[in-house]
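**Student:** Dumping the structure here so I can ask a few things about it.
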Amino acid sequence: METIREDLREKIVESILFLEKEITSRREGMKYRMENYYNCVDDYSYGGLCDKAAEESILESKTKINIYKEFLERGEVVEVFEREILTDLNNKDLKAKVVDGRYGKVWIYTKEENNKVNAIFVGCAKKPVTYEKKGYKVRKVTETVKLTYFLDIDRKLKRRYEIIETKIEDATKENTAYPNHFKSKWVWFAENQISNEGIK
Numbered sequence: 019m020e021t022i023r024e025d026l027r028e029k030i031v032e033s034i035l036f037l038e039k040e041i042t043s044r045r046e047g048m049k050y051r052m053e054n055y056y057n058c059v060d061d062y063s064y065g066g067l068c069d070k071a072a073e074e075s076i077l078e079s080k081t082k083i084n085i086y087k088e089f090l091e092r093g094e095v096v097e098v099f100e101r102e103i104l105t106d107l108n109n110k111d112l113k114a115k116v117v118d119g120r121y122g123k124v125w126i127y128t129k130e131e132n133n134k135v136n137a138i139f140v141g142c143a144k145k146p147v148t149y150e151k152k153g154y155k156v157r158k159v160t161e162t163v164k165l166t167y168f169l170d171i172d173r174k175l176k177r178r179y180e181i182i183e184t185k186i187e188d189a190t191k192e193n194t195a196y197p198n199h200f201k202s203k204w205v206w207f208a209e210n211q212i213s214n215e216g217i218k
C-alpha cells in the first residue's frame, strides 16, 4: 500500500463531498419533476430524457466516488482490461480499428501499395478460423493498468495511468472476434482514456 500525501488526500475527500452534493441535487430535481407531474403542475413526462440524463450523471458520480475511495484505501487502483487486435498470420499488429460498415461491424486498416495508401476492410467474423482463411488473426491483449492521482503545479487533481503488465494471445473463443467494450467500475474514464487501441 502506497502512502498518500495529506494534501492529496484532502483534495480527494473534497472531490468526494462535492460529488455527493451533486448526487443529492440531481435526486431532488428528479423528485421535484415527479411531484409536478403527479400534481398536474405541468405535462412533463416523468422518467423522460431529463431523468435519464440525471440517472446517468448520478451513476457517473457514484463511480468516481468508488474509485476515489479505493485509491484512498490502497494508494492505487488496479484493473485488468481486455481488448482485441487484428494481425496478419505472423502476428504483426495491423493497427486496425472497428467501424460500422454497410452490412455490420468491420475492421479497417491502411496499407501502402505502389506509393498509395489504401484502406483495407475486413468483416468481423464469428470464428477465428474465418479470419485465418483470409490471412488474418484476432489476438487478445490483456493489460493490467494502474491508476494513481496526483496534484499538478496548480494543485489540480490529475489522473495517471500506467500499464504494469501486458499479455497477448490468440483469440480462441467463438464470437470473440467482435471487439470488447470495457465493462467495469472504470467505465467513467475507460471510454475516454482507454480505447480499442489501448491507453491514449
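Per this note's numbering, residue 19 is the first one in the sequence shown, and the count goes up by one each step.
Beta carbons are placed, not taken as given, at the ideal position from N, Cα and C, and that holds for glycine.
All values reported here derive from a predicted model rather than from experimental measurement.
1) Does the contact criterion of 3 or more C-beta pairs under 8 Å hold for the stretch 169-185 versus the stretch 101-113?
2) In whole angstroms, what separates the C-alpha of D188 from that of D25?
3) Can you tell me where the beta strand (DSSP E) holding R44 begins and where it ends?
4) Quick one: is I217 buried, meaning 16 or more other Cβ sit within 10 Å of its Cβ, or exposed?
5) In this structure, how does DSSP classify E74 when only helix, strand and coil are distinguished?
6) Quick check: the stretch 53-60 against the stretch 93-108, are at least 3 beta-carbon pairs closer than 8 Å?
7) Contact check, I41 vs K80 under 8 Å by CB: the rounded distance?
8) When you compare only the Cα positions, how much space is there between I85 and V95?
9) If you run the structure through DSSP and keep just helix, strand and coil, what is L67?
10) In the DSSP assignment, the alpha helix (DSSP H) including Y149 goes from what residue to what residue?
11) Which class does I181 belong to by DSSP, given the choice of helix, strand or coil?
12) Using C-beta distances below 6 Å, list every residue in its chain close to E161, excluding the 5 sequence neighbours before and after it, in chain order.
13) From L90 to K39, what does the alpha carbon distance come to, in whole angstroms?
14) How about E102 and R157: are their beta carbons less than 8 Å apart?
15) Once you ignore the five residues that flank A72 on each side, which residues in its own chain have a CB closer than 7 Å to its CB?
16) Quick one: is Y121 buried, meaning 16 or more other Cβ sit within 10 Å of its Cβ, or exposed?
17) L104 and V159 look like a contact to me (Cβ under 8 Å); what is the Cβ gap, rounded to whole Å?
18) Should K155 go down as buried or exposed, given a rule of 16 or more other Cβ atoms within 10 Å for buried?
19) Does the ligand ATP have a heavy atom nearer than 7 Å to the CB of N84?
**Tutor:** Reading from the atomic positions:
1) no
2) The sequence position of residue 188 within the sequence shown is 170, counting from 1. The sequence position of residue 25 within the sequence shown is 7, counting from 1. So the alpha carbons of these two residues sit roughly 45 Å apart.
3) For this step, residue 44 is matched to residue 26 along the sequence shown. Segment E24 to Y56 is the alpha helix (DSSP H) holding R44; no beta strand (DSSP E) there.
4) Position 199 of the sequence shown, counted from the start, is the residue given in the question as residue 217. Because I217 carries a pLDDT of 45, less than 50, the predicted location of this residue cannot be relied on, and the following value inherits that uncertainty. So I217 counts as exposed.
5) Reading the sequence shown from its first residue, position 56 is the one you call residue 74. Three-state DSSP puts E74 in a helix.
6) no
7) As a working mapping, residue 41 is identified with position 23 in the sequence shown. As a working mapping, residue 80 is identified with position 62 in the sequence shown. Indeed, because the Cβ distance is near 7 Å, the residues count as touching under 8 Å.
8) Along the sequence shown, read from residue 1 onward, the residue named residue 85 stands at position 67. Along the sequence shown, read from residue 1 onward, the residue named residue 95 stands at position 77. Near 7 Å, if we compare the C-alpha coordinates of V95 and I85.
9) As a first step, residue 67 must be located in the sequence shown, where it is residue number 49. Three-state DSSP puts L67 in a helix.
10) By one-based count along the sequence shown, residue 149 stands at place 131. Residues P146 to K152.
11) Residue numbering aside, residue 181 sits at position 163 when the sequence shown is read from its first letter. In this structure, I181 counts as strand in the three-state DSSP scheme.
12) Within the sequence shown, numbered from 1, the residue matching residue 161 stands at position 143. For E161, where only same-chain residues beyond five positions count, the Cβ hits under 6 Å are F99, I181 and T184.
13) Counted from its first residue, the sequence shown places residue 90 at position 72. Counted from its first residue, the sequence shown places residue 39 at position 21. Looking at the two C-alpha atoms, the distance is approximately 19 Å.
14) Position 84 of the sequence shown, counted from the start, is the residue given in the question as residue 102. Position 139 of the sequence shown, counted from the start, is the residue given in the question as residue 157. Cβ distance < 8 Å, so E102 and R157 count as in contact.
15) Within the sequence shown, residue 72 is the residue found at index 54, counting from 1. Closer than 7 Å at Cβ, skipping near neighbours: R44, G47 and M48.
16) One-based indexing of the sequence shown puts residue 121 at position 103. The residue is exposed, with fewer than 16 neighbouring Cβ atoms inside 10 Å.
17) Here residue 104 refers to the residue found at position 86 when the sequence shown is read from its first residue. Here residue 159 refers to the residue found at position 141 when the sequence shown is read from its first residue. 11 Å between Cβ atoms; not a contact.
18) Here residue 155 corresponds to residue number 137 of the sequence shown, with the count starting at 1. The residue is buried, with at least 16 neighbouring Cβ atoms inside 10 Å.
19) Absence of the ligand ATP from the depicted structure is noted, as is the absence of any ligand whatsoever, leaving it without description.
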